[in-house]
Each structure stands twice: as C-alpha cells, then as structure tokens.
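Chains A and B are the protein sequences, given in the same order. Going by our numbering, the first residue of the first sequence is number 361, and it counts up by one from there. Going by our numbering, the first residue of the second sequence is number 165, and it counts up by one from there.
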Amino acid sequence: MDRSDDDPAGRVAALFDAHHERLFRLARRLVRAPVDPADVVQETFLRAARAPHRVPCGASREEAWLVRVLINVCKDSWRHTAVRVKAVSGGHLRASEPIDPEPALVAHSMVWRALDRLSVRRRAMLVMYELEGKRIPDIARALGITAVTVRWHLMRARREMARALGDDI
Amino acid sequence: MSSWKTRLREADTAHARDLAPEEARRLRRTIVAEAERAARPRIWSLPFVLTAGSLAAAAAALVFSTAVAMPPQALEVSDHLASDQADTAPQAGSGRQQLQFATPGGTRIIWVFDAEFDVKGTLP
Numbered sequence: 361m362d363r364s365d366d367d368p369a370g371r372v373a374a375l376f377d378a379h380h381e382r383l384f385r386l387a388r389r390l391v392r393a394p395v396d397p398a399d400v401v402q403e404t405f406l407r408a409a410r411a412p413h414r415v416p417c418g419a420s421r422e423e424a425w426l427v428r429v430l431i432n433v434c435k436d437s438w439r440h441t442a443v444r445v446k447a448v449s450g451g452h453l454r455a456s457e458p459i460d461p462e463p464a465l466v467a468h469s470m471v472w473r474a475l476d477r478l479s480v481r482r483r484a485m486l487v488m489y490e491l492e493g494k495r496i497p498d499i500a501r502a503l504g505i506t507a508v509t510v511r512w513h514l515m516r517a518r519r520e521m522a523r524a525l526g527d528d529i
Numbered sequence: 165m166s167s168w169k170t171r172l173r174e175a176d177t178a179h180a181r182d183l184a185p186e187e188a189r190r191l192r193r194t195i196v197a198e199a200e201r202a203a204r205p206r207i208w209s210l211p212f213v214l215t216a217g218s219l220a221a222a223a224a225a226l227v228f229s230t231a232v233a234m235p236p237q238a239l240e241v242s243d244h245l246a247s248d249q250a251d252t253a254p255q256a257g258s259g260r261q262q263l264q265f266a267t268p269g270g271t272r273i274i275w276v277f278d279a280e281f282d283v284k285g286t287l288p
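Here it is, written out as structure tokens:
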C-alpha cells in the first residue's frame, strides 16, 4: 500500500511543498494574460488532490506527472480565454490592444505575444529548453514523448519565434 | 546567441516573480482541504442507495403487475395456440408435422416441419 492510500492529504501536501515553486515558474511562463499562474498551479494540485492514487511515486515521475497536468490546465485556460493576438501578413505581430510606449516594455510585450502564438506544448518545450535549461531527453521524459519529437517542436518553435520577432533563427 | 533568445531571457527576467509565501500557504490549505474532502467517505451515498433501491423495487413491482394482467388479445392468441396444438400431431407415415396458429391481426400461419428436409441438399 502506498502513501496515497494511508494519508492522501499528507501526500498532496508533500507534493505541493516539493513542486509548487517549479510549477509556478513554469505556469508563469506558459499562461496568457489575464490568467493568473497561481490559479493554474492551484488547479494542477487540486487534480492531484482529487485523485492522489494517480500520481506516480518518485520525485522525477511525480514532477513529470504534475507538469503534464499543468500543461493540460494551461490548454484549458487558453480555450476559455479569448485569444487576442492576431498575426498580420508578413508574420509579424500587431498588438490588438495598446502597448506600453516605453521601449523595453514594448520589446517584452512583443516577446510574450510571440510566445502566445505557440501551442501550449511547444511553448512548454521552448520554455523548458531555453529558460529552464532542461536537456532534451529530460523534456521528452517529462512530457511522455520522444526526444525526436521534442527536437522537431523546438525547431518549429525557434522558427516561429524568430519569424514573429523579425530575427535570425 | 541569436537576438530573439536574448530578448526572450530579458523579457522573462523582467516578468519574473515568485509565489508569495502567503499565497503559497493559501493554496496549500485549499489543496490539502480538497484532498481531505476527497478522501472522506461520501455521506450522500446511503440516501442515494436507498432511493435507488426503492425506485428499482417500484419498477419491478410495476413490471410484475403488468405481466400478470395480460391483455385479452394475448389470451386469445394463447387460446388459438392451445386449440391448434392438436394439429401438430404427426400424420401417420407422412414424416411431417404442422403447427398452426393465428397472429393478433388475424393472419393464420401454418408451419410445416419436414423430417426429411436436408439443408445441404438446398445448397447449389
């Protein structure tokens, strides 16, 4: 009998303590405004709390499970919020609402809008690789897909980002 | 490093924030409470089972009473069948049996059973 059978609340609390910071960082990089990353993290752990027996044992496996759930929660939140980013001909972005005129903020807004154009999974892969410094095999293991698939999505994500931001790949 | 990667990291740094301790505690409380709630045996299950059982018993009683009170037409058909059973006796030396009965609509049906009928013989 594993711990989730004995003390499900204790196991969920331990899961939260071990993984909430990393999941919050990932959620912050994945959500689209106006969704609060804390809400996404809460929903992720609530799903674990409702079915703790479905969370596999072992730090890396439970983290991978939580990351997959978080990505699904993000997908749901994307579906529920209106998409405000529109592409114009030439692949560059046009803001659908006024952008802060300060140059640095404009640049940052453009980056987030470019990220918003990626699918949730592709964005998650790009974030894990470029910002979290994860290795491709680790990303593949976390998402339950092959390394070849991760490489392919990363290549497409880089191309989309470069095109959206008008840069070289 | 290409420019978009630099811009991505700069934007990420500018956007960075951690979960506030108070917010983290609030989330933890909510999640643990949900886990405790999910682990508790559901108190609505007993009334639910009792209600479902009562409904099932009522449905069974209804079906039984309907079966006992058969419609007159069905009884009539049974009478036909009973009277026609006499026709099912084998005719001496013929090797054939008949079953005659009438449908509720009044159509009279005669089935002839041929003891010498060979299915294989009908195949091409």
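Here a beta-carbon is modelled for each residue, glycine too, at the ideal position from N, C-alpha and C.
Contact set for residue i: own chain, Cβ-Cβ below 6 Å, skip 5 residues either direction
{"i": "A:Pro536", "result": "Examination of residue 536 of chain A is not possible in this model, given that chain A is present from 361 through 529 alone."}
{"i": "B:Ala223", "result": "none"}
Close-in-space but distant-in-sequence residues of the same chain around residue i (CB under 7 Å, 5 per side omitted)
{"i": "A:Leu514", "result": "Met485, Leu486, Tyr489"}
{"i": "B:Ala246", "result": "Residue confidence for B:Ala246 is low, a pLDDT of 49 falling below 50, so the modelled location carries little weight and cannot support an answer."}
Local Cβ density within 10 Å of residue i, reported as buried at 16 or more and exposed below that
{"i": "A:Pro497", "result": "exposed"}
{"i": "A:Val415", "result": "buried"}
{"i": "B:Pro321", "result": "Nothing can be reported for residue 321 of chain B: it is not among the residues displayed for chain B, which extend from 165 to 288."}
{"i": "B:Pro211", "result": "exposed"}
{"i": "A:His379", "result": "buried"}
{"i": "A:Val510", "result": "buried"}
{"i": "B:Pro290", "result": "Any answer about residue 290 of chain B is impossible in this case: the structure gives chain B only from 165 up to 288."}
{"i": "A:Pro397", "result": "buried"}
{"i": "A:Phe376", "result": "buried"}
{"i": "B:Trp168", "result": "buried"}
Three-way DSSP call (helix, strand, coil) for residue i in this model
{"i": "B:Ala180", "result": "coil"}
{"i": "B:Asp278", "result": "strand"}
{"i": "A:Leu430", "result": "helix"}
{"i": "A:Leu390", "result": "helix"}
{"i": "A:Arg473", "result": "helix"}
{"i": "A:Met515", "result": "helix"}
{"i": "A:Ile505", "result": "coil"}
{"i": "B:Ala225", "result": "helix"}
{"i": "B:Ala266", "result": "strand"}
{"i": "B:Arg193", "result": "helix"}
{"i": "A:Arg414", "result": "helix"}
{"i": "A:Pro368", "result": "helix"}
{"i": "B:Arg201", "result": "helix"}
{"i": "A:Arg495", "result": "coil"}
Rounded Cβ spacing between residue i and residue j (contact assumed at less than 8 Å)
{"i": "A:Asp390", "j": "A:Leu426", "result": "Before going further, note that residue 390 of chain A is Leu rather than Asp in the sequence given. With a Cβ gap of about 13 Å, A:Leu390 and A:Leu426 do not count as contacting."}
{"i": "A:Leu525", "j": "B:Arg171", "result": "6 Å"}
{"i": "A:Ala507", "j": "B:Ala199", "result": "35 Å between Cβ atoms; not a contact."}
{"i": "B:Asp176", "j": "A:Leu491", "result": "5 Å"}
{"i": "A:Lys373", "j": "B:Arg192", "result": "Note that residue 373 of chain A corresponds to Ala in the displayed sequence, not to Lys. Contact holds; Cβ gap of about 7 Å."}
{"i": "A:Leu475", "j": "A:Arg483", "result": "6 Å"}
{"i": "A:Arg407", "j": "A:Gly504", "result": "Not confirmed; about 16 Å, so no contact."}
{"i": "B:Arg260", "j": "B:Ala279", "result": "7 Å"}
Own chain residues within Cβ distance below 8 Å of residue i, not counting five before or after
{"i": "B:Ile273", "result": "Gln264, Phe265, Ala266, Thr267"}
{"i": "A:Leu478", "result": "Leu486, Ala517, Glu520, Met521"}
{"i": "A:Leu430", "result": "Leu383, Leu386, Ala387, Leu390, Val400, Val401, Thr404"}
{"i": "A:Ala419", "result": "Ala378"}
Are three or more beta carbon pairs between the region 468-475 of chain A and the region 430-437 of chain A nearer than 8 Å? The region 468-475 of chain A vs the region 430-437 of chain A: no contact.
Do the region 500-509 of chain A and the region 173-187 of chain B make contact, defined as three or more Cβ pairs closer than 8 Å? Touching, no.
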